[in-house]
Structure formats: C-alpha cells, structure tokens
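If you're matching them up, the sequences are chains A and B in order. Offset between the first sequence (1-based) and our numbering: plus 1128. Offset between the second sequence (1-based) and our numbering: plus 16.
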Amino acid sequence: MTEIIVVTSGKGGVGKTTTSASLAVGLAKRGRKVAVIDFDVGLRNLDLIMGCERRVVYDFVNVIQNECTIKQALIKDKRYENLFVLAASQTRDKDALTREGVERVLDELREADFDYVVCDSPAGIEKGAFLAMYFADRAIVVVNPEVSSVRDSDRILGLLASKTRHAEVGTRRVEQHLLLTRYNPERVARGDMMSIADVEEILGLEILGVVPESESVLAGSNAGTPVILDNESPAGQAYDDAVGRLLGDSLPMRFTEAQKKGFLSRLFGA
Amino acid sequence: MRVRNRPNSSVEPEAGGTEPLDLLTPQSAAVSAGELRFAQLGIAQFALRSGDPATVHAEIAARVAAAPALLTRAPVVLDVSALDPTPDTAQMQALIEAVRSAGLLPVGLTHGTVNEEALARALELPLFARFRASSDLPAAAAVERKPAAAPRAAPVVGTGSSVGMHHALPVRSGQQVYARQRDLILTAMVGNGAEVIADGSIHVYGTLRGRALAGASGDATARIYCQNFQAELISIAGQYRVFEEHSPDLHGKPVQAWLDDDKLRIAPLA
C-alpha cells in the first residue's frame, strides 16, 4: 500500500520544503521506499534542499505531459537508494499541472511499490497547493508559533476536510497532523511567541512534533543536506522524533523547554 | 527532450494543460465568445406580504433609507408565495415597479407554485430556487396568515420538527455551516474567520472564535449560546455586533446572546 502524505501550510516560509525533505529522508532511513515530489512548479526548491539540483534532467511537468517516463524523471538520492526526488519545473507555471496528470503520476508510483509519496505543497491555496493535497491520505500541516501562520493552517485544515478526494468520496478522512516549526522556547517563556498549548487549543489538534528554531536548518539547506541527517542539531533530532511518531512510536517531546542558564553563562552574559 | 522553455503566459491552452475543474469552458475552440460559470452569489430576497404597490414601496423605501450603502440598487429576488391569490401579470408589474422605484432592483422570482412559474414566464423573469420555503414556517408564523389560504407548494426542506442540525467537526477559517430553518448545534470549535449560520438558534459546545449569525431569516427569538466566547461577530436577526476587544467578563466564558426589543444583549450564562 502506498501512502500519500502532503506537507502543506497555507503560509509561505514556514518550513514546508525543509519538512518534506527531512520527512522523506527519515522514512527512507527507516527502510521505506519513498518518493518526494516538488509541487511548487516555477519555484523549484526541493532539489536544492535534497542536494540533487545538478542532476535534474526531466521534471514533474515533463512526466505529466508525457514527455518522459516517471522512471526517467525520478532522481535517486545519493545517500539512500530507496529514496527518490521528483523535481518541479522551474520554467513553467502551476497551470502545467492537471488533476488527471497528478493522479496518473501517483498511480504509477503506486504500481512501482513505493511505500510513501511525500508531496511538497507550494504556499497558498491555489491550484498547486490544491493538487498537492487532493490525493493525500495523510497531511502534515507545518505551522509556526505565530498568529498568521496559525490562521492559515486553520484554513488549510478546513480545505483538507472538504476539498480532497477522500472528503469528496466520503469513505474516510485525511489524517491530519500538526508540526510546529521554528519554535523558540526562550521567546515563548518571555511571552512573545505562541506556546504549544496555544496552537493546539486554537487549531483543536494535537501536535506531532516541535522543531526548534536552529541555525543548522539554514546550514543544511545551503549544503543540500536535509537537517534530519544532522544528528547533533536539535532540529534534526526533533524531525527524527516526528517521523518516528508518524510511524507509531511514542516518544516524549524534546527541545520544548527554555534552557536554564548555567552559572558561567550567566556570569559572562552569554 | 522537448523544448521546455516555453513562456509562462501563453494565451493558447496548452495540450493536456486544460484545467480539469473548468468543464464549462469549451476546450476545442481557441477563441470563445464568453465563459459560462456557475457561482454562488449572495442575493437579497423580499417576501411580499402585501399586494398593494404603495405599501410595498413605503416599506422598502424605509429599509433602503435605513441602510443605503447596503441596499441602494441591490439586486433582489421577490417571493410572492405569501400573497393569496398569486398576483396577475399587471399587478406584479406594478409591484416590481414599486420595488424598483423604492431603490432595489428586482431580478427574478422565487420558484414555488405553477402559478408563480407562469407569472415569471409572462414577465420574462428568471425563477430562483427558493432560499427558504416560507410555506413551511412553524405554526407561530402561520397564524398571521389567513386560515383560508390555499394549499401551498410542498416544503423544500424541514418538517417543522424541532431537532436541530448537528455538526461535529471543527468549523475552520473560511468554512461556513448553515442550518436552514433549524437550530445549529456544534460539538466542536468555530475558528477565527469561520461562519456558523442558522435560521434558528446556534449552540456551540466549544470555543466560538469566528462569526455566529442566528435568526438568519429574521427570527428575532433566536439565540446564540456558546461554551467559550471569543467571537469576532455575532448577529441575531440582522442585529450584529463586532468584538474588536472582548470585555473580560465575557471573554472565554459561557455566554448567551439574544434580542431584547431589537437590542442585542450578551451575558454570561449563570
């Protein structure tokens, strides 16, 4: 059974692509066969984060328009042989995506025995985002602890409950998860950032994971190494925990409390 | 590989790139005379209770004067189902002229009986599905009518039963839930930017952050109850109030709202 997971948010810049890349790697690390698709046609980014931008020959739009086969377009990851990237087209726009085309690509991935297809949604609620979520079995809504991101996530959760194939057919619901990213416990403690409880209460959903704001995310993006591969970084470990929870592990939340300043750092004001 | 650097803003529909949701746009013709689309538009409806043009004119003119920004030249659909007998063509023309001269623009009739259909055809006006079948109002409204009233068209919905509409899923930003001619009972939260509407009362067993509009068809006895009041706006029979700042004695508390002689009152539930 292939499970289709959409990573979405409504708002831009909250960490969808970072999350898609780390989720795909985390699942592949656990031995699953994974394809990750960039739905952001025209603003191709996922290949950069995955570190395969120089190997993109064919892309998602080529496959949809029958200009190549899905096999030709899937880029095999250098770290995990069971992980594949389907890049977006940089030179086209989102109108190049069609519902039939997306469905056909997903069906071909099903036939190729993929365990998971991760759909990296563009920001917004227009066509690209709609098609990324339409066929999903599961959704990870990436949210920042900030009012506009929470509002947009609420809108996206509403669309997931009404504008997806599962919702239209009515046989089952899209499973919804919240992933809180760019969390800064110190700022929450100071009261200038929303807390986990605030976000959970407003959205009425439990949080799958909390990824702390971390410099290693940017460093990893620039190096083409998804942050989940950085075992030293709290963000990488938090992503790994979240993937574990998605697969049913019960793991305690980490990196959600403000660090108590030690005597020395207090002394030197670090 | 085929040429992929096609310009983004091509006017011609690209092969295989036609929008699948837009079934009404001719796909073969390069140039079409227009686009046929179905949209849901909000439109006012005026239920005529009097067949006298002068009375109708005075009534509407007063309403337009009370809310000129909202009502001046607003399109309106006329509901003649309360008039017995159904007015003839000449009388209807006079009534339409009365409505028009009072400031509203009649655009059609609501669909009901065969007589209404014939009348619409004679006047070359479109028929609209009735938003609210006034023929199946509860007993209180029926008393006002003459007991000798002729049998009316079969009710569209509702049986006069007092069981309200139950909604168990969260109503999220951008979503709308409407209970036609009934109470609306919600056993989940209503998010910011969401709208819950009922012709009867609204009961929210959860947090109300969005908008709640009870008595949407003018029933001033409708009430709004909620367990945790943080609403953006509440309205009963058109009397509304927005909450830019919540007073501490209401915010987050169980609250009810009702109309007291056309004044909207809100108080904590004891």
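Just so it is clear, CB atoms sit at the ideal spot from N, CA and C, and this is done for glycine as well.
Simplified DSSP assignment, three categories, for Gly-1372 (chain A): Reading the first sequence from its first residue, position 244 is the one you call residue 1372 (chain A). In the structure shown, Gly-1372 (chain A) sits in a helix (DSSP, three-state: H, G or I).
For Gly-50 (chain B) and Leu-40 (chain B), the rounded distance between their alpha carbons: One-based indexing of the second sequence puts residue 40 (chain B) at position 24. One-based indexing of the second sequence puts residue 50 (chain B) at position 34. Interpretation of Leu-40 (chain B) is limited by its pLDDT of 42, a score under 50 that renders its predicted location unreliable; the figure taken from the coordinates is listed afterwards. Between Leu-40 (chain B) and Gly-50 (chain B), the alpha-carbon positions lie close to 10 Å from each other.
What does a CB cutoff of less than 8 Å around Arg-116 (chain B) pick up in its chain, not counting 5 residues either side in sequence? The count along the second sequence starts at 1 and reaches residue 116 (chain B) at position 100. The answer, listed in chain order, is Pro-122.
For Val-1470 (chain A), which three-state DSSP category applies? Lying outside 1129 to 1398, the shown extent of chain A, residue 1470 (chain A) is not represented and no answer is given.
Using 10 angstroms around the beta-carbon of Pro-1340 (chain A), count the other beta-carbons present and answer buried if the total reaches 16, otherwise exposed. The sequence position of residue 1340 (chain A) within the first sequence is 212, counting from 1. Using a 10 angstroms sphere on the CB of Pro-1340 (chain A), the tally of other CB atoms reaches 16 or more, which defines it as buried.
Is it the case that the Cβ atoms of Gly-226 (chain B) and Val-271 (chain B) are separated by a distance below 8 Å? For the purposes of this step, residue 226 (chain B) is identified with residue 210 of the second sequence, where counting begins at 1. For the purposes of this step, residue 271 (chain B) is identified with residue 255 of the second sequence, where counting begins at 1. Not in contact: Gly-226 (chain B) and Val-271 (chain B) (Cβ atoms no closer than 8 Å).
Given 7 Å as the limit, tell me if Asp-100 (chain B) has its C-beta closer than that to any heavy atom belonging to the ligand GDP. For the structure depicted, the ligand GDP is absent and the ligand set is empty, with no information on it obtainable.
Would you tell me roughly how many angstroms separate the C-alpha atoms of Ala-228 (chain B) and Glu-140 (chain B), rounded to the nearest one? Here residue 228 (chain B) is taken as the residue at index 212 of the second sequence, counted from 1. Here residue 140 (chain B) is taken as the residue at index 124 of the second sequence, counted from 1. Distance between the alpha carbons of Ala-228 (chain B) and Glu-140 (chain B) is about 38 Å.
Of the listed residues A:Leu-1306, A:Val-1184 and A:Phe-1263, nearest to Glu-1296 (chain A) (C-alpha basis): For the purposes of this step, residue 1296 (chain A) is taken as the residue at position 168 of the first sequence. Among A:Leu-1306, A:Val-1184 and A:Phe-1263, the Cα nearest to that of Glu-1296 (chain A) is on A:Phe-1263.
Report the rounded CA-to-CA distance for Leu-94 (chain B) versus Asp-215 (chain B), giving the unit in angstroms. Mapped onto the second sequence, residue 94 (chain B) falls at position 78. Mapped onto the second sequence, residue 215 (chain B) falls at position 199. Approximately 19 Å between the Cα atoms of the pair.
CA-to-CA distance, Leu-120 (chain B) to Gln-1193 (chain A), given in whole angstroms: Locating residue 1193 (chain A) in the first sequence gives position 65, where the first residue counts as 1. Locating residue 120 (chain B) in the second sequence gives position 104, where the first residue counts as 1. Cα to Cα, Gln-1193 (chain A) sits roughly 51 Å from Leu-120 (chain B).
Mind pulling the beta strand (DSSP E) runs of 3 or more residues that sit fully within the segment 1299-1381 of chain A? Uninterrupted beta strand (DSSP E) stretches at least 3 residues long and entirely within the segment 1299-1381 of chain A occur at 1303-1311 and 1335-1340, given in chain order.
Report all residues from its chain with a CB closer than 8 Å to the CB of Leu-1202 (chain A); omit the five preceding and five following residues, and keep chain order. Sequence index remark: in the first sequence, residue 1202 (chain A) carries index 74 (1-based). Excluding residues within five positions, the ones whose Cβ falls inside 8 Å are Ala-1163, Phe-1212, Val-1213 and Leu-1214.
Determine whether the Cβ of Leu-1155 (chain A) lies closer than 8 Å to any Cβ atom of chain B. Translated into positions along the first sequence, residue 1155 (chain A) becomes position 27. Judged by the 8 Å Cβ criterion, Leu-1155 (chain A) is not in contact with chain B.
Secondary structure of Gly-124 (chain B), DSSP reduced to three states: The count along the second sequence starts at 1 and reaches residue 124 (chain B) at position 108. Of the three classes helix, strand and coil, the one that applies to Gly-124 (chain B) here is strand, per DSSP.
Report the rounded CA-to-CA distance for Val-1327 (chain A) versus Leu-1306 (chain A), giving the unit in angstroms. The count along the first sequence starts at 1 and reaches residue 1327 (chain A) at position 199. The count along the first sequence starts at 1 and reaches residue 1306 (chain A) at position 178. Their Cα atoms are separated by approximately 9 Å.
If you draw a straight line from the alpha carbon of Glu-1236 (chain A) to that of Phe-1167 (chain A), how long is it in whole angstroms? What you label residue 1236 (chain A) is simply residue 108 of the first sequence in a count that begins at 1. What you label residue 1167 (chain A) is simply residue 39 of the first sequence in a count that begins at 1. Going from the Cα of Glu-1236 (chain A) to the Cα of Phe-1167 (chain A) covers about 17 Å.
Taking 8 Å as the cut-off, decide whether the C-beta atoms of Val-1246 (chain A) and Ser-1137 (chain A) are in contact. Locating residue 1246 (chain A) in the first sequence gives position 118, where the first residue counts as 1. Locating residue 1137 (chain A) in the first sequence gives position 9, where the first residue counts as 1. Here Val-1246 (chain A) is not near Ser-1137 (chain A), since their CB atoms are 8 Å or more apart.
Between the beta-carbon of Val-1302 (chain A) and the beta-carbon of Asp-1265 (chain A), is there less than 8 Å? For this step, residue 1302 (chain A) is matched to residue 174 along the first sequence. For this step, residue 1265 (chain A) is matched to residue 137 along the first sequence. Yes, these two residues count as a Cβ contact at 8 Å.
Would you call the CB atoms of Ser-1378 (chain A) and Pro-1362 (chain A) closer than 8 Å? As a first step, residue 1378 (chain A) is located in the first sequence; it is residue number 250 there, counting from the start. As a first step, residue 1362 (chain A) is located in the first sequence; it is residue number 234 there, counting from the start. No. Outside cutoff.
Tell me which residue opens and which closes the alpha helix (DSSP H) that Gly-116 (chain B) is part of. As a working note, residue 116 (chain B) is residue 100 in the second sequence. Correcting the residue identity first, residue 116 (chain B) is Arg in this sequence and not Gly. If you look at Arg-116 (chain B), you'll find it in the alpha helix (DSSP H) that goes 105-117.
With Phe-1188 (chain A) as the anchor, note down where its alpha helix (DSSP H) starts and where it stops. As a position in the first sequence, residue 1188 (chain A) is number 60, starting the count at 1. Membership of Phe-1188 (chain A) in the alpha helix (DSSP H) is indicated by the continuous run 1188-1192.
Alpha carbon to alpha carbon, how far is Ala-60 (chain B) from Ala-232 (chain B)? Position 44 of the second sequence, counted from the start, is the residue given in the question as residue 60 (chain B). Position 216 of the second sequence, counted from the start, is the residue given in the question as residue 232 (chain B). Each residue's alpha carbon lies about 12 Å from the other.
Own chain partners of Thr-1146 (chain A) with C-beta closer than 7 Å, once the 5 adjacent residues on each side are dropped: Taking the first sequence and counting its residues from 1, the one referred to as residue 1146 (chain A) is at position 18. Within the same chain, Thr-1146 (chain A) has close Cβ partners Ile-1177, Val-1345, Ser-1349 and Val-1355.
Which residues in the same chain have their Cβ closer than 7 Å to the Cβ of Gln-107 (chain B), if we skip the five residues on either side of it in sequence? If you number the second sequence from 1, residue 107 (chain B) lands on position 91. If you ignore the 5 residues before and after Gln-107 (chain B), its C-beta comes within less than 7 Å of the C-beta of Gly-67, all in its own chain and listed in chain order.
Can you tell me whether DSSP reads Ile-59 (chain B) as helix, strand or coil? Start at 1 with the first residue of the second sequence, and residue 59 (chain B) comes out as number 43. DSSP places Ile-59 (chain B) outside both helix and strand once states are collapsed to three, so it counts as coil.
According to the Cβ coordinates, are Leu-1259 (chain A) and Leu-1288 (chain A) closer than 8 Å? For the purposes of this step, residue 1259 (chain A) is taken as residue 131 along the first sequence, with counting starting at 1. For the purposes of this step, residue 1288 (chain A) is taken as residue 160 along the first sequence, with counting starting at 1. At least 8 Å separates the beta-carbon of Leu-1259 (chain A) from that of Leu-1288 (chain A).
So if I threshold CB-CB distances at 9 Å, which residues from the segment 248-269 of chain B count as touching chain A? Of all residues in the segment 248-269 of chain B, none places a beta-carbon less than 9 Å from a beta-carbon of chain A.
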